[in-house]
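Enquirer: Pasting a structure here, questions to come.
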Amino acid sequence: MLIQKFGMATWPFNLPIKQALRAASEAGARGVLVNARTETPAREMSLSAQRDFRRYLGELTLSLTGFHFPTRHAIHDQQHLDERLSAIKQAMQFCAGMKTKVLLVDIGSLPESSESTEVELKTFHDVLTDLATLGNHIGVTPCVTPAGGSLQQLRQLLDQIGSGPVGINLDPATAVLNKQNPTEVVRLFHDRLLHVTARDATRTRDGIGQETSIGRGEVEWEEVLAVLAEVEYSGWVTVQRSSGEKPGSDMEQGIKYLKNIGIE
Numbered sequence: 001m002l003i004q005k006f007g008m009a010t011w012p013f014n015l016p017i018k019q020a021l022r023a024a025s026e027a028g029a030r031g032v033l034v035n036a037r038t039e040t041p042a043r044e045m046s047l048s049a050q051r052d053f054r055r056y057l058g059e060l061t062l063s064l065t066g067f068h069f070p071t072r073h074a075i076h077d078q079q080h081l082d083e084r085l086s087a088i089k090q091a092m093q094f095c096a097g098m099k100t101k102v103l104l105v106d107i108g109s110l111p112e113s114s115e116s117t118e119v120e121l122k123t124f125h126d127v128l129t130d131l132a133t134l135g136n137h138i139g140v141t142p143c144v145t146p147a148g149g150s151l152q153q154l155r156q157l158l159d160q161i162g163s164g165p166v167g168i169n170l171d172p173a174t175a176v177l178n179k180q181n182p183t184e185v186v187r188l189f190h191d192r193l194l195h196v197t198a199r200d201a202t203r204t205r206d207g208i209g210q211e212t213s214i215g216r217g218e219v220e221w222e223e224v225l226a227v228l229a230e231v232e233y234s235g236w237v238t239v240q241r242s243s244g245e246k247p248g249s250d251m252e253q254g255i256k257y258l259k260n261i262g263i264e
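Residue numbers (this note's numbering): 1 to 264.
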């Protein structure tokens, strides 16, 4: 199964949201991933504003690949935990209003299981259980990105959550920077994989990592796309560029690069 659905993140354009949507459309994206914290804050998106937003997407023939709700701290960090959880829930409600089923949230690096991390891991479990319960009720799945720590441990923790689904977002750049194999993430979480954030990265000899444009880093994209096809992934692959002088141009070239791989 060839990957057919390529989208772009809107916030790297650093433009007002409607201009960013048009820029993504003109760059060849079929869908967009929007920052629900800075571009479409739920508190500012009335029902009328939501209808207008959906109408404009339709005019540009764009779909929503999902929303991203970045947080300053890991999802289970005790600092400002209640406020963070409340904000994520509000974003999930907003996703439901926008007829979107995926909200990407940041979990940070998962600590190793030990007596000293027992409370932290319980908080992680409780927070995701709470979000999954809400998501199961409103039809929105919280989607987490593996970002360090044991993949097997993360799999076990997610399997213990029975109140609703918790999805996985594959970010190959994050995998590379955490010395993980992106294809291992796909194979281990194939039944939970709901979104792919296409970023590339490289590491120097001293271990310092940095994001690069797609095709210029260490991600083996041919292998990643092949494994996605192998597990019959049918969701969105959303190109994102978090740094660089011309992120819009880099994302446009990134989509072309991935499409070319797909037809070879």
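Quick reminder that beta carbons are idealized off the backbone N, C-alpha and C, glycines included. A quick note: this is a predicted structure, and the numbers were derived from the prediction, not measured.
Of the choices Leu47, Glu83, Phe124, Arg22, whose alpha-carbon is the least far from that of Ala96?
Expert: Locating residue 96 in the sequence shown gives position 96, where the first residue counts as 1. Per the Cα distances, Leu47.
Enquirer: Below 8 Å between beta carbons: does that hold for Leu64 and Val32?
Expert: For the purposes of this step, residue 64 is identified with residue 64 of the sequence shown, where counting begins at 1. For the purposes of this step, residue 32 is identified with residue 32 of the sequence shown, where counting begins at 1. Yes, the pair counts as a contact, with Cβ atoms nearer than the cut-off.
Enquirer: Alpha carbon to alpha carbon, how far is Glu115 from Lys5? Give it in angstroms, no decimals.
Expert: Within the sequence shown, residue 5 is the residue found at index 5, counting from 1. Within the sequence shown, residue 115 is the residue found at index 115, counting from 1. Taking the straight line joining both Cα atoms gives about 44 Å.
Enquirer: Would you kindly report the start and end of the unbroken beta strand (DSSP E) that includes Glu211?
Expert: Indexing the sequence shown from 1 puts residue 211 at position 211. Its beta strand (DSSP E) spans residues 209–212.
Enquirer: Ignoring anything shorter than 4 residues or poking outside the stretch 145–193, list the alpha helix (DSSP H) runs there in chain order.
Expert: Within the stretch 145–193, the runs of alpha helix (DSSP H) at least 4 residues long that lie entirely inside it are, in chain order, 151–159, 172–177, 182–188.
Enquirer: Can you give me the start and stop residues for the beta strand (DSSP E) that Met8 sits inside?
Expert: Here the question's residue 8 lines up with position 8 in the sequence shown. Met8 -> beta strand (DSSP E) spans 6–9.
Enquirer: In the DSSP output, which residue or residues are listed as bridge partners for Phe69?
Expert: Your numbering for residue 69 matches position 69 in the sequence shown. Under DSSP, Phe69 forms a beta bridge with Val105.
Enquirer: On the CB-based measure, 16 or more other CB atoms within 10 Å of its CB, does His137 come out buried or exposed?
Expert: Taking the sequence shown and counting its residues from 1, one reaches residue 137 at position 137. Exposed, because fewer than 16 other Cβ atoms sit within 10 Å of the Cβ of His137.
Enquirer: Given a threshold of 16 other Cβ atoms within 10 Å of its Cβ, counted over all protein chains shown, does Ala29 qualify as buried or as exposed?
Expert: As a first step, residue 29 is located in the sequence shown; it is residue number 29 there, counting from the start. Ala29 is buried by the Cβ-count criterion.
Enquirer: Would you say Ala36 and Phe13 are within 8 Å of each other, going by their C-beta atoms?
Expert: Here residue 36 refers to the residue found at position 36 when the sequence shown is read from its first residue. Here residue 13 refers to the residue found at position 13 when the sequence shown is read from its first residue. Between Ala36 and Phe13, the CB-CB gap reaches or exceeds 8 Å.
Enquirer: Cα separation between Glu264 and Glu120?
Expert: Within the sequence shown, the letter at position 264 stands for residue 264. Within the sequence shown, the letter at position 120 stands for residue 120. Caution applies to Glu264, whose pLDDT of 46 falls short of 50 and renders its modelled position unreliable; the model cannot decide the point.
Enquirer: Are Val237 and Val196 touching if we call contact CB-CB under 8 Å?
Expert: Counted from its first residue, the sequence shown places residue 237 at position 237. Counted from its first residue, the sequence shown places residue 196 at position 196. Yes; because the gap between Cβ atoms is below 8 Å, this pair is in contact.
Enquirer: What are the start and end residues of the beta strand (DSSP E) that includes Gly31?
Expert: Numbered from its first residue, the sequence shown carries residue 31 at position 31. Segment 31–35, the beta strand (DSSP E) holding Gly31.
Enquirer: Since Val227 sits in a beta bridge, which residues does DSSP pair it with?
Expert: Indexing the sequence shown from 1 puts residue 227 at position 227. Val227 pairs with nothing; no bridge assigned.
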